[in-house]
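Residues in the sequence shown are numbered consecutively from 4, following my numbering.
Virtual Cβ for every residue (Gly too), placed ideally from N, Cα, C.
Working notes for the structure below.
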Amino acid sequence: MADTDKTLSVAIIGAGFAGIGAAIRLRQEGITDFAIFERGDRIGGTWRDNTYPGAACDIPSRLYSYSFAPNPNWSHTYSGSDEILAYIDRMATDSGIAPHIRFGHNVTGLIYDEAAGQWTVEFEGREPVRARTVIAAPGPLSNASLPDIPGIETYEGHKIHSARWDHDYDFTGKKVAVIGTGASAVQIVPELVKTAKSVKVFQRTPGWVLPRLNRPTSGLLKQLYRTVPFAQEASRAAWFWGHESVALGVVWDTPFTRLVEQLSKANLRLQVKDPWLRRQLTPDFSAGCKRLLMTSDYYPALQADNCKLVTWPIARLAPKGIRTVEGIEHQFDAIVFATGFEVSKAGAPIPITGIGGRSLGDEWSGGAYAYRSVAVSGYPNLYFTFGPNSGPGHSSALVYMEAQINYIVEAVEKLLRLDWKALDVRPEVQARYNADIQRRLQATTWNSGCQSWYLTDDGFNATMFPGFATQYVNQLKHVDLDDYKITGYRDPSAMAPGAESAGDLVSVQ
Ligand code: NAP
4 MADTDKTLSV AIIGAGFAGI GAAIRLRQEG ITDFAIFERG DRIGGTWRDN TYPGAACDIP
64 SRLYSYSFAP NPNWSHTYSG SDEILAYIDR MATDSGIAPH IRFGHNVTGL IYDEAAGQWT
124 VEFEGREPVR ARTVIAAPGP LSNASLPDIP GIETYEGHKI HSARWDHDYD FTGKKVAVIG
184 TGASAVQIVP ELVKTAKSVK VFQRTPGWVL PRLNRPTSGL LKQLYRTVPF AQEASRAAWF
244 WGHESVALGV VWDTPFTRLV EQLSKANLRL QVKDPWLRRQ LTPDFSAGCK RLLMTSDYYP
304 ALQADNCKLV TWPIARLAPK GIRTVEGIEH QFDAIVFATG FEVSKAGAPI PITGIGGRSL
364 GDEWSGGAYA YRSVAVSGYP NLYFTFGPNS GPGHSSALVY MEAQINYIVE AVEKLLRLDW
424 KALDVRPEVQ ARYNADIQRR LQATTWNSGC QSWYLTDDGF NATMFPGFAT QYVNQLKHVD
484 LDDYKITGYR DPSAMAPGAE SAGDLVSVQ
């Protein structure tokens with residue numbers, strides 16, 4: 004039967020790490036009536052999109068994977084994008100969820116039908132679908148954006164965004180600019196200097212850099228992980244607690260932050276001998292305020308004969324290249340924009356209409372908020388992965404994602420099994436939670452004065468979770484039904500055609 008003919012139990016938006024993980028966990032709980040709607044033609048989300056040379060994860064693979072899908076075969080401590088993508092593919096195949104994926108389905112809106120307790124999922128150029136619950140897993144970094152630099156449209160050379168790499172373009176012998184010095188740029192630059200004739204890196208703000216000690220995993224160790232699952236769990240736990248200890252210096256501005264800065268400065272002194280270059284590469288904000296850069300080959304690449312760091316601010320782009328404010332025009336065959344993503348910190352990622360026609364975009368216009376990052380009052384049966392204030396600054400996104408998924412699947416399973424119409428977070432519970440989150444954020448490095456994609460232009464932090472990963476995971480361990488208003492199917496005639504049953508007509512709490 005086509006998805007349009009019936010009401011799905013669960014609609015999942017996005018077939019990235021989160022969407023695939025949610026689908027696997029649903030199946031493990033015996034829920035099979037779901038579809039994953041993916042706008043692209045392949046699964047993998049950010050790891051499908053970020054295929055730039057050198058693309059890799061700066062979190063150890065043992066921790067950058069799901070605990071319910073351990074992989075004993077990671078080739079290195081830190082894996083490259085190909086290996087991570089292969090891991091996602093394998094999970095989808097092995098778990099049997101692949102047939103649930105609908106490619107080419109770009110979700111353009113969600114509308115809640117209060118009478119039926121169902122969501123209408125709207126698509127670009129396709130018939131809408133109805134679902135009792137929705138898991139929105141579009142990914143926070145899915146929309147690559149070119150920066151708002153004057154004259155960008157006048158540049159006549161080749162433009163490439165880090166997250167939309169043009170593999171047909173041959174950099175051999177080319178004069179190349181890289182704009183940006185964030186987590187993507189520090190992986191791209193060492194690869195580009197190997198092939199390009201020259202590379203100029205345009206830096207606006209230097210980041211704190213720590214070495215990334217990447218080692219191949221021996222065959223013996225892989226064998227151990229394969230045969231003794233506990234060894235793999237212990238290794239993951241060691242990485243987890245190692246990262247938790249880093250929170251002390253990265254999440255909050257503490258004496259440990261100074262220690263991280265001293266370590267980073269020692270790394271800079273070790274790798275960069277020229278005092279002027281060192282000065283240009285020394286940050287003037289607290290470590291952790293922006294994402295730490297984990298790389299051992301960025302500083303050496305910057306000092307390659309064919310590479311140059313440019314710290315003069317960019318005035319505009321011109322037909323042949325980049326003009327900096329002191330009046331020099333740097334000419335290039337290609338410009339690589341490692342300038343990040345359009346991150347939805349205010350407004351909703353897509354138009355979402357909840358109870359009584361309320362609009363999530365309007366409610367989030369001053370900055371997004373949710374209950375425990377996953378649910379929003381007034382929008383029942385809708386759950387977000389990587390929702391507001393769910394970002395880790397010191398640990399693996401996958402640890403946070405797994406906690407979200409487990410919580411969401413528990414809520415969905417309860418609603419379906421008990422045949423409730425709606426599970427809606429109580430507004431006062433949500434307000435209390437967010438007041439606490441914003442109060443705690445004041446003491447964090449992210450709110451200590453630098454500008455980053457974590458903050459809105461007004462300095463509102465809708466992105467990061469102000470605490471240890473352990474605290475984040477613990478708050479999502481169980482769905483506390485006291486936090487929710489539960490609605491049953493009071494009036495069976497309110498059921499939409501195709502819904503499975505009218506339920507027990509449970510009373511409204
Ligand atoms: P990003 O961290 O947002 O960095 C963008 C860079 O571009 C910054 O250096 C920024 O300078 C610069 N920039 C932006 N607009 C500019 C302009 N108009 N003129 C000059 N410079 C400009 O983006 P990203 O490096 O793509 O990383 C985004 C996120 O992706 C990371 O925070 C991380 O969460 C994720 N990521 C993860 C990994 C991993 O290994 N796990 C790897 C890559 C990316 P300012 O600093 O001055 O704003």
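Taking buried to mean at least 16 other C-beta atoms within 10 Å of its own C-beta, is residue i buried or exposed?
| i | result |
| --- | --- |
| ILE23 | buried |
| GLN474 | exposed |
| GLN433 | buried |
| GLY19 | buried |
| ILE15 | buried |
| GLU41 | buried |
| VAL275 | buried |
| VAL511 | Low per-residue confidence applies at VAL511: pLDDT is 39, beneath 50, and the placement is therefore not dependable enough to give any value. |
| ARG93 | exposed |
| TYR172 | exposed |
| ASN477 | exposed |
| ASP308 | exposed |
| TRP279 | exposed |
| TRP255 | buried |
| LEU144 | buried |
| ALA502 | Low local confidence applies: a pLDDT of 41 at ALA502 is under 50, so the model's placement there is unreliable, with the coordinate-based value given in what follows. Buried, since its Cβ has 16 or more Cβ neighbours within 10 Å. |
| HIS170 | exposed |
| ALA237 | exposed |
| VAL379 | buried |
| PHE106 | exposed |
| PHE233 | exposed |
| LEU508 | Its pLDDT being 37, under 50, LEU508 is placed unreliably by the model, and the measurement read from it follows with that caveat. Burial call: exposed. |
If you measure between the beta carbons of residue i and residue j, is that distance less than 8 Å?
| i | j | result |
| --- | --- | --- |
| ILE39 | ALA59 | no |
| ARG319 | ILE152 | yes |
| GLU125 | VAL110 | yes |
| TYR487 | TYR436 | no |
| GLY369 | PHE468 | no |
| ASN270 | SER165 | no |
| THR260 | PRO209 | no |
| PHE288 | CYS453 | yes |
| ALA199 | ARG167 | no |
| THR466 | PRO150 | no |
| PRO73 | GLN235 | yes |
| ASN450 | LYS225 | no |
| ILE46 | ILE87 | no |
| GLY154 | ALA321 | yes |
Compare the Cα-Cα distances from residue i to each of the options and report the closest residue.
| i | options | result |
| --- | --- | --- |
| VAL415 | ARG442, LEU484 and GLN441 | LEU484 |
| GLY176 | PHE335, SER455 and ARG93 | PHE335 |
| TYR3 | PHE340, PRO258, ASP277 and TYR382 | One cannot answer for residue 3 here, as it falls past the ends of the chain, which runs 4 to 512. |
| TRP242 | TYR301, SER399, ILE353 and PRO352 | SER399 |
| ILE317 | ALA188, ALA307 and GLU332 | GLU332 |
| GLY470 | LEU421, LEU251, PHE288 and GLN274 | LEU251 |
| LEU11 | GLN265, ILE34, ALA21 and ARG28 | ILE34 |
| TYR81 | TRP122, GLN190, LEU113 and GLU117 | GLN190 |
| LEU262 | THR298, TRP211, LEU227 and PHE233 | TRP211 |
| TRP50 | GLY17, ARG30 and ASN76 | GLY17 |
| ARG133 | ALA234, ASN146, ALA188 and ALA119 | ALA119 |
| PRO352 | PRO150, ILE338 and TRP367 | TRP367 |
| PHE387 | SER451, ALA139, SER187 and TYR372 | ALA139 |
| ASP8 | PRO131, PHE106, ARG65 and GLY112 | PRO131 |
| THR29 | ILE411, GLN441, PRO430 and ASP439 | Reading the sequence as shown, one finds Leu at residue 29 and not Thr. Of the candidates ILE411, GLN441, PRO430 and ASP439, the one whose C-alpha sits nearest the C-alpha of LEU29 is ILE411. |
| GLY396 | ASN464, ALA337, PHE344 and GLY364 | ASN464 |
| LEU531 | ILE338, GLY390 and ALA147 | A query on residue 531 cannot be resolved here, the shown segment of the chain reaching from 4 to 512 and no further. |
| THR298 | GLU413, ALA186 and GLU127 | ALA186 |
| ILE489 | ASP365, THR466 and LEU419 | LEU419 |
| TYR228 | ASP44, ARG65 and GLU247 | ARG65 |
| LYS417 | ARG135, LYS162 and GLY112 | ARG135 |
| PHE37 | GLY43, GLN31 and VAL13 | VAL13 |
Exercise. Touching or not, the segment 216-229 and the segment 319-327, by the rule of three or more beta carbon pairs under 8 Å?
Worked result: No, they do not touch.
Exercise. Three or more C-beta pairs closer than 8 Å, one from the segment 411-426 and one from the segment 434-449: is that the case here?
Worked result: At 8 Å Cβ cutoff, the stretches do not touch.
Problem set entry | Three or more C-beta pairs below 8 Å linking the segment 203-214 and the segment 178-193 | Cβ pair count under 8 Å is three or more, so yes.
For this session: Count the C-beta pairs between the segment 348-364 and the segment 380-396 that are closer than 8 Å, then say yes if the count reaches three, no if not.
Result: Yes, since at least three Cβ pairs between the segment 348-364 and the segment 380-396 fall closer than 8 Å, the two stretches touch.
Exercise. Within the chosen definition, does the segment 394-410 reach the segment 63-77 through at least 3 CB pairs nearer than 8 Å?
Worked result: Yes, the segment 394-410 touches the segment 63-77.
Exercise. On the three-pair Cβ rule with 8 Å, is the segment 189-198 touching the segment 45-64?
Worked result: Three or more Cβ pairs closer than 8 Å define a contact, and the segment 189-198 meets that threshold against the segment 45-64.
Problem set entry | Contact between the segment 277-295 and the segment 449-463 (3+ Cβ pairs under 8 Å) | Cβ pair count under 8 Å is three or more, so yes.
Exercise. Do three or more CB pairs link the segment 247-266 to the segment 89-106 at distances below 8 Å?
Worked result: At 8 Å Cβ cutoff, the stretches do not touch.
Exercise. Can at least three beta-carbon pairs, one atom from the segment 299-318 and one from the segment 272-286, be found at a separation below 8 Å?
Worked result: Look at the beta carbons and you see the segment 299-318 touching the segment 272-286: at least three pairs across the two are nearer than 8 Å.
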